[in-house]
Each structure stands twice: as structure tokens, then as C-alpha cells.
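Q:
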Amino acid sequence: MVGSSVKGRLFASSVIGGAALMATFAVAPASAQTPAAAEPQVVDEIVVTGSRIRRAETTTEAPVTVIDAQSISERGFVSPGQALNEMTAVVPSYPQADGSGASSGSGQQFPNLFGLGPGRTLTLVNGRRFVTSSQGLGDRVVDTNIIPTGLIERIDVVQAGGAAVYGSDAIAGVINYVLKDNFEGLELDAYYGISSREDYPQGSLRVTGGKNFLDDRANVAVNLEWSKTDSLLNYDRPISNLGRLTATNPANTGPNDGIPAVTEVFNARFWEFNYNGLLFTPAPAPRPDFIFSRAGVPQQFSADGQSLIPYDIGTRFGVPFASGGEGWDYREISSLRTGVERWSGNVIGHVDLTDRIRLFGEAMYAEVEGRNPYGTYFSTTILNGAATGFGAIPISRTNPYLSDSVRAALGPGGLPLYLSKVWGDDLLPTREVLTNTETYRVLAGVEGDFDIGERNFYWSVSASRGQTEGKEEGWGVITANFNKAVNAVRDSAGNIVCAVNADADPTNNDAACAPLNPFGVGNASFEARNYVTTPIGEEFLNTQDDYLATLGGELFDLPAGPAQFSVAFERREESAKFTPSEAEQRGLTGSGVATVAQSASYNTNEWSAEVLVPVLGGDFSLPFAQSVELNGAYRWVDHSIAGEETVWGAGLKWEVVDGLTFRASKSRNFRAPTLEQLFAPTRVALGSVGQDPCDFRYINAGPAPSVRQANCQAEWTANGYGDLTQHQNDSTNFSSANVTTGGNRDLQNEVSDTVTYGVVFQPSFVPGLTIVIDRVEVDLTDGLSAFAPENFMATCYDSTVRPDEICATFTRNAQGDVISALNTTFNAGQITYRGEVYNINYAFPLGQFFGDRDLGSIELNAEATHTAKLETSVTGFDLTRTDNTVAIPDWSGRFDARYRRGPLRATYTLNYLSEVLSAQGDTIEQREHWLIDANIRHSLSASYDFGTYVLRGGVNNFTDEEPSYPTRTHGDIIGRYYFMGVTARF
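Okay, so the sequence shown: first residue is 190 according to this note's numbering, each after it adds one.
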């Protein structure tokens, strides 16, 4: 093709991206398919995500799905992450606590294709890499909140692979945000949504403006937008308000009695402590008979700290939980959802310098702020040892804050006393943790095309600079100051002072020390709170400089058409810097171990090449082979730390007859180790080592119990540790081992082999119908696994031939207890994924059934992902299946029905999650609710275009379907949600 202008090519690209591509891979909420009655659009060659070769045909060898801007708006989504959560191949990402006690997080959301991990899904913007949003030196992931919703033209999702074209991290696939590059006019948008419980409000405002100039040879568009979503607490939803967890079932008699091993606990509470405070004697140990009692009744401090009152311990379920009572409420350990506020500003533009050369650029700024109301807390309880900085407080009977009545109840002498309590806002200024990120990115480039003889070639050169500045802010307690403040006495004048200022040693005086009253709630003075609390958190900085040059075109002519190629060179320089708070760098909090500031960087030079060879096609075809196309890709990587790597991809597309195409691809992909995995600083702190394989509780477990038993027995015999059958490792239950945590500079790339094959069926006898089915198979080896002490120990004792280098990472004392261990990253993980993605799309004019009257058009779309197998291993021995569980349902589906007539659009959506197990292998023997019900949700939305104004509104989850009991994630915990919005166009 000779003499094709850049302007023409780019316009064609936008047309095909907005219509024909979606028709081929229509996957809601993404399909803006052209109705069947519309005139076909004439298009030129385009670039489809997953390849840098321009092509006229949009059916690629590997599966690609698309979400369009119209669907994002109509469903009431204010960020692209909400739309991606609707894709059945994406494991939803929410700023939500899972009920295990873990935090609801920072508010950032990272796509996770096929459940292989967010770090194995590569994010692009306009086909180019983007600076990472992760805190510290974490995974190379991009927060969906920073992407400008108002400029999105579509989101392309390549399912499985892509490293040969785009480089590291494209194992599960690629998500490419394609932005509008020719916006003209002015658009104002406002949106508001709220749940039927009158909470979780969400608002957004947007201004988008663009203009063509220089006789339409140039365009500049500007987008400004803001949105905010409030937080939620566990009390705010019925299922999280249950305060439910499970504990050992005392009625269970064995593995085959039909009685669950665990039982449900509602209104769960920590019976060992609360806000008022409990006194334990004679030792800080979790025994109910150690709670100070009067007349056999356990006592607690009153809220004012002036008296002892009866304490309801609730119905105990061992340590640490009880049902009911007055212990600390489990629902307050974390928020349900983190609130998120986001701002972004973007400028995107281009100018055609000639008919063959275009200058283009992008500039963006985004700020995202997450507010987690229950992001932190401080406790001093009997569940923690004194060395952790969170142990119970030793209390003297002469403590001046003890009232006369309490002192009389305790008596003048006796066994030691320990105060066990949790502190709320009466000590910390706030429990809220705020996470803020600011992202800047500028990109400039030139692209064009030229002819040599009868052949056309296209090229591009671009450079970008991206930077993410982030911080996490909360409050903590200075351990030394706290210990001094709670050790209060009266001085010679009768004033309550810190003991260090009243003893005979003047060298330990601390003029700033303010005594702290630990009894009851809200009795700590302002001066004491200032003295013992300190800001904690971190600041981080990520930078990325990316330089990309590409060249493509026609190699030579074949009977079926020209063979095409694309070559590219990319240089990327990335750095990360992590700076803990001053208090944490000085080791002032917790156990006193300093957190070291860290920084690291790397660069990579990468060459890639692709070829596309039409074997059959056009007039050169055979029976049952209307067209056959082969493609191949190769990438050579030179990473300054991980070394060299080569990856490749190959694909086949075979059109049997008109409307029936088979396709297949095979590729080798990789992920380089992150800077955190390589360079995390070494620190030693007391910690638990987890499960010791030689502990009598675990020695009969593992993939080969006989191997584990033999290895443990041989070690016990050789070292004289004693009776193996009675061994109970102390550092399993207590933080008593010196655990060394740090990076591993010997890490290599993890690699995966990926195979996809499928069919695209568009029968001529049913116009408007498209059926797409693809099989996806991923086998990952040398996985970058976070190796905890228990993983090293399991690998050591579960190996037929014990690996010396693994077994040397931990040591035991004379009793066989583990006293030192290692926590780092290791190339040992494995992942096996098997599944299919299904999509059926049928678009037709409704009037064809009623005498061809103009009754509008209907589009029906069904999408489903079937996960047949997802098996992961940290060590290579511990194979864990998560398919057909709450974590990864075996079937995830969505059905959309869209109606359009003139200015009216209406959409009905059904979301489906299949019946699953609570965990792989579960039966009634494990838990009562081992089988989780299927979950079905229904949503309605509509919009009407009045010309200048477009009104939209809808109800998500209009039946108010809760997550399937007892989960929080197998469904929608927000419930029925109303939204409305208006767009004004000028």
C-alpha cells in the first residue's frame, strides 16, 4: 500500500477500534457493536493490542476482549477498575477487607487476570508501558484509579501472554487503555450514586474539551476529573456485621463423623482484652482463670478507670476468641472498605507536520487518596510477648492512678499484675491511615510512514518520563516512651510523675516524660498522648524513563498477500525509593527493630521482532482453507540485574470457510524480579516461624508424610533433640525466633509457557451472531515466591534428598525448637492454569420480526470464564488448588441485553458466580458451610440523548442480593445501588 497518509491510518485505527474490533470480540460491559442494519465501515490497517503489526483483519491468533467508553458510562462506573471487575476473566479487585482481620487496604486497585496475580498482568497506556503505582519496591502494577475515565476510547485486554511483544510481566495477559486522540468539542459530566442503605455515596465531576486547528492537522484535548467514594465499616453491612469467624468445634469426634472440625462464632470478640482493660495474675498468659476476679467473677476496669466492675467473658472458643461478652469487638479490627478520592488532569494532542509525519504528546497528573478509618490500632495484651512492644503492661499495686477502691480490692501485696487492653482514639490521635499517591507522566513522540518502491513502511519514536510519589501516614506508639509513661509514681511532693524522674538515678531522667493513666477509656492526658505517640508510615518514589522505537511494513509479496514485519527497540530505566518514617528508621516503635530506608534501580535494553505471513487467502485458497495466517514474535532482553532472557510467541489463524475461523498460539513469557524482591534491606526481628514440619501437630502432613517423618527422625536422632513424638515447636505459636528478612540478589526471571486455541464462528445464516471460544493454558516455573520460614522448612523435610542450602536457612536449639530462620524471595514457585473463555454476541434489528418496522436494535451478549484448574505452589511441593473455590470460582458469567432506538439506550446485566467450595477438598468434615451457593445479581441502566444533554441512570444489584453466605466476596457486598448522571456536550 503506497502513499497512505499518517492521518488516514490513524483515523482508520480509531474507527476499527470503536466498531469492528468490538464486533469481533464483543464482551460486555464492552460491546458498542454496530447494529446489523448499519452500513459496513471501510477501514484501513490498524494496530491491534497484542501485536505492533498493522493489519486490516481484526481476528487475532490470541484472544482479545474490549470494553468501550459507552459501557463504562452507562453502568455508572467512575473508574476503569470498576469496569474491569465486570470482566469474567478478571478476579475483582476492591479496597475491601476479607474478614480475616486483614486491612481493607490503601484504596489502590490492580487488575488480576485469571487469578495469576496482579504482578503478572501488564498495564499499557496507548500501547506503551506506564510507571508503577505500588508502594515501596513492590510489584510493577498500575492503579486503575489514575487512568482518565473521560479520555478512554476503549480498554483492550489480551488474555494470556504478550511478553514477546511488550516485555516483562505479560504472563496472564495485557491490559491496554486506548485514549481518544481526536476529541473535539466541550463535554461536562456529573454523576452521583448512593446505596439503598443511604451510605457509600459516590460522586464525580468531569470536564473534557478538545479542538482541531491548523486546518484539522492538529488536535489538543484536555480532561479534568474528580471522584470520591466514602468508606464503610463492618457494622454497615449485614454479613460483615455478624462478626463471624470459625473456631475449633468441641463436638467434633473425628475425621469421619459427619461433624465439622470448626464451628461458627458470631459476635466474635477477643476475650483477653478490651478498651477498659483487664488485669491478669499471676502471669500474662491467655487463661481465663488468670483474669483478676472477685467472688469468682472476672473483673474489668470501669470506663472512668476508678473502679472494678464485672466482666462478661462471653462464650469462649479457645484462644483468642469468644462469642459475645465484653471483649474487644472483632468487627473493629479493620474497616470494611477504604474510601477513595481521585483527581486527574490530562492533555493529549498531535500535529501532522506533513501528510507522512505526525508529532504527538501526552501529559498527565493524577492524585489518589485512600482513607482507611480503621487502618491501625495499638494494643498491649497478654497475647504478645514483652519484647514485641505490644505485651501486657506490668502494674504495681502502688500505681498512683489506681483508685482507693481498686487498690483495696487488689490488696496490699500478692502476685504480679498485668494490664491487658486495646487502645482506641483515646491514645492515638486517630486510627485512620491515609495513603496518597501523585503520578506524573509526560510522553512525546514522532511517527510516520514512507515508501520504498511499491512497499510502505511505518515507524515511530517516543520517549516518556513517569513518576509516582506516594506516602502512607498513620500513628504509632514510641515503645520506650510508653513504658516510661505507664510506670507512674508519686514524687516527694505528691505529684504523679514518671518513675524515671523520681528514682535515685539522675542519668535516666526524661524531662519530657508525662505519666499516662492506662485504666479505663479516655483517661490519658493530652501531654501523655503527645509524649508516647508518633507519626508512622512511609514515603516512596517510583520513576520510569522509557524509550521506544518501532519500524514495520511489508517484507515481500506472497500469493495470499504481503508478508509483514515489525521490529522494535526499547530501553527502560526504572528506580524506586522507600523511606520509612523517622520513628521507624530509628527503631522507636514495636520491638525496636529499625526499618531501613532503601532505594534501587535497574535498566533494560530489549529488541523485538514480529512477522505475519499469509499462507493462504484471497484468490489463493483451498477447499476448507479460505485463509491461513502464521505469525511469530521474538524478544531478547538484557536486564542489568536479572541478566539476559529470550521469549517468543507463535500463532496460527485458519479460516475454514466464511464465518468459521480456528486460531491457536503458543508463547514463552517472563517476569523479572522486582526491586523489592532483589534489594529489600536485611533486618532481624523476633517472629514466629509458622508450622514446623517436625512438630507433632504437622509431622503427618505434607505431600509425602513418610518422607517428612523419616527426615525429621534422622535429624532428631543425629542431634539428640529428644522424643520427636512430643515435639512442639515454641516459635510456631510465639514470636521467639530471630527471623532474618531481606531481599535475594540471586533471583532469576520466572518464566511461563502459554498455549491458547479457540474458534470464532460468525454464521452467515444468522446475521449478527458471533461465537468466540478460547482455551487458555499457562504453566509457570521458577516462580518468584515469597519464602517464609515454614516454606524453607517444608522444602527441607519434604525432599527425598534434603537440599543443604535450604536446610541451612534455619537452626534449632538443644530442644529442637527453631531459634533462627530466613524470610525472603526464592525461585521455586509453580502455577498451572487451565480454563476457557466464552463469548456469544447477537445483534439484530428488532423490527425484522415485525415487518421490518423501525423498532430499534437489540444486542445480546453472554460472557463466561471457566477455570478448570488453578494450582499454585510456593515451594514446588505444596500444591494448592484454588479453582472451584470462593477465591477462583470455576464459572464466572455475565449476560447483557442492550436495547437502542434513536436517542434511547437501555441495558440489563446479569452477573453470575457458580456454586463453589469454601476451600479445595472441603466437605462437611471441614466446616458446616463447605459448599457456597451460586450468586446471581441483576442491574438495569438507561440513557437518553437529548442532543446537548445526555441523561443516564440505573440501579446496580436491584434485587439487593448479598454475597453468598458466609463469604464477603462471592457476590456484591454493597447491595442495591442507585446512580444518575448528566453529560452536557457543546
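Built from N, CA and C at the ideal position, the CB exists for glycine as well.
Source: prediction; values computed, not measured.
#1: With a threshold of 6 Å on Cβ separation, who are the neighbours of Val216 within its own chain once the five nearest residues in sequence on each side are excluded?
#2: Please state whether DSSP places Phe1175 in a helix, a strand or coil.
#3: Taking only three categories from DSSP, how would you classify Asn672?
#4: Please tell me whether, using a cut-off of 7 Å, the distance from the CB of Tyr519 to the nearest non-hydrogen atom of the ligand GTP is below it.
#5: Tell me the rounded alpha-carbon separation between Glu342 and Pro803.
#6: Use the C-beta contact count for Trp796: other C-beta atoms within 10 angstroms, 16 or more gives buried, fewer gives exposed.
#7: Within 10 angstroms of its Cβ, does Leu1093 collect 16 or more other Cβ (buried), or is it exposed?
#8: Check for me: the beta strand (DSSP E) holding Ala474 runs from which residue to which?
#9: State the Cα-Cα distance for the pair Asn334 and Gly1170, rounded to the nearest angstrom.
#10: Quick check: what's the CA-CA separation for Phe859 versus Lys660?
#11: Just curious, the beta strand (DSSP E) that Asn729 is in, first and last residue?
#12: Helix, strand or coil: which one does DSSP assign to Gln285?
#13: What would DSSP say about Tyr563, mapped onto helix, strand or coil?
#14: Which residues does DSSP pair with Val965 in a beta bridge?
#15: Could you check if Gly1005 is buried or exposed, using at least 16 other CB atoms within 10 Å of its CB as the buried criterion?
#16: I'd like to check one pair, Thr626 with Thr1177: are the Cβ atoms closer than 8 Å?
#17: With respect to the alpha helix (DSSP H) encompassing Gly270, which residues constitute its N-terminal and C-terminal limits?
#18: Mapping the DSSP letters down to three states, classify Met276 as helix, strand or coil.
#19: Where does Ile498 land, buried or exposed, given buried means 16+ other C-beta within 10 angstroms?
#20: Alpha carbon to alpha carbon, what distance is there between Ile725 and Thr1054?
#21: Distance check for Val1075 and Asp1122, CA to CA, integer angstroms please.
#22: Considering Cα atoms alone, identify which of Ala1086, Asp287, Phe1175 and Arg1023 is closest to Tyr1031.
#23: Classify Gly382 as helix, strand or coil using the three-state DSSP reduction.
#24: Three-state secondary structure (DSSP) at Tyr1167?
#25: Just to confirm, is the Cβ distance from Glu939 to Asn1012 under 8 Å?
#26: Ala814 and Ala789: beta carbons closer than 8 Å?
#27: Can you tell me the Cα-Cα spacing of Thr166 and Val363, whole angstroms?
#28: Assess contact between the segment 559-573 and the segment 633-642, defined as three or more Cβ pairs (one per stretch) separated by less than 8 Å. Is contact present?
#29: Label Gly1091 either buried or exposed according to how many other C-beta atoms from any shown protein chain fall within 10 Å of its C-beta, with 16 as the threshold for buried.
#30: What residue from Ser416, Thr504, Asn927 and Pro1078 has the CA that sits closest to Thr1158's CA?
#31: What's the gap between the Cα of Val611 and the Cα of Thr570?
#32: Quick one: what does DSSP say Phe868 is sitting in, helix, strand or coil?
#33: Counting only beta-carbon separations shorter than 8 Å, does Gly494 have a partner in chain B?
#34: How big is the Cα-Cα spacing for Val232 and Leu867?
#35: How long is the line joining the alpha carbons of Thr1014 and Gly392, rounded to whole angstroms?
#36: Quick check: the Cα distance between Gly781 and Leu606, rounded to an integer number of angstroms?
A: Walking through what the data contain:
#1: Any reading at Val216 is ruled out, since the residue's pLDDT is 40, under 50, leaving its predicted position unreliable.
#2: In the displayed model, Phe1175 falls within coil according to three-state DSSP, outside both helix and strand.
#3: Three-state DSSP puts Asn672 in a helix.
#4: The ligand GTP is not part of the structure shown, which contains no ligands of any sort.
#5: Taking the straight line from one Cα to the other gives about 30 Å.
#6: By the neighbour-count rule (16 or more Cβ atoms within 10 Å), Trp796 is not buried but exposed.
#7: Burial call: exposed.
#8: It is not in any beta strand (DSSP E) - Ala474 carries neither H nor E in the DSSP assignment.
#9: Straight-line Cα distance between these residues: approximately 19 Å.
#10: Spanning the two alpha carbons is a distance of roughly 30 Å.
#11: Just to set this straight, residue 729 is Phe in the shown sequence, not Asn. Phe729: member of the beta strand (DSSP E) spanning Thr722 to Leu747, first to last residue.
#12: Collapsing the DSSP output to three states places Gln285 in a strand.
#13: Coil at Tyr563, not helix or strand.
#14: Bridge partners of Val965: Thr945 and Gly1024.
#15: Buried: at least 16 other Cβ atoms inside 10 Å.
#16: Residue numbering for the chain in the displayed model covers 190 to 1175; residue 1177 lies beyond these limits and cannot be assessed.
#17: From DSSP, the alpha helix (DSSP H) with Gly270 extends over Pro269 to Leu273.
#18: In the structure shown, Met276 sits in coil (DSSP, three-state: anything other than H, G, I, E or B).
#19: Under the 10 Å beta carbon count, Ile498 is surrounded by fewer than 16 other beta carbons and is classified as exposed.
#20: Approximately 43 Å, taken between the alpha carbons.
#21: Cα to Cα, the separation comes out at about 10 Å.
#22: Ranked by how close their Cα comes to the Cα of Tyr1031, the residues Ala1086, Asp287, Phe1175 and Arg1023 have Ala1086 in first place.
#23: Three-state result, Gly382: strand.
#24: In this structure, Tyr1167 counts as strand in the three-state DSSP scheme.
#25: Not closer than 8 Å, so no.
#26: No, the pair does not count as a contact, with Cβ atoms beyond the cut-off.
#27: Lying outside 190 to 1175, the shown extent of the chain, residue 166 is not represented and no answer is given.
#28: Contact between the segment 559-573 and the segment 633-642 is not established, with fewer than three Cβ pairs separated by less than 8 Å.
#29: Counting of Cβ neighbours within 10 angstroms places Gly1091 among the exposed residues, the total staying below 16.
#30: Comparing Cα positions, the closest option is Pro1078.
#31: For Val611 and Thr570, the gap between their C-alpha atoms comes out near 7 Å.
#32: Assignment of Phe868 by DSSP, reduced to helix, strand and coil, places it in the helix class.
#33: Here there is only one protein chain, and chain B is not present.
#34: Below a pLDDT of 50, predicted positions are generally treated as unreliable, and Val232, at 44, falls in that range; the measurement from the model is reported next regardless. Spanning the two alpha carbons is a distance of roughly 47 Å.
#35: Distance between the alpha carbons of Thr1014 and Gly392 is about 41 Å.
#36: Taking C-alpha positions only, Gly781 is separated from Leu606 by approximately 24 Å.
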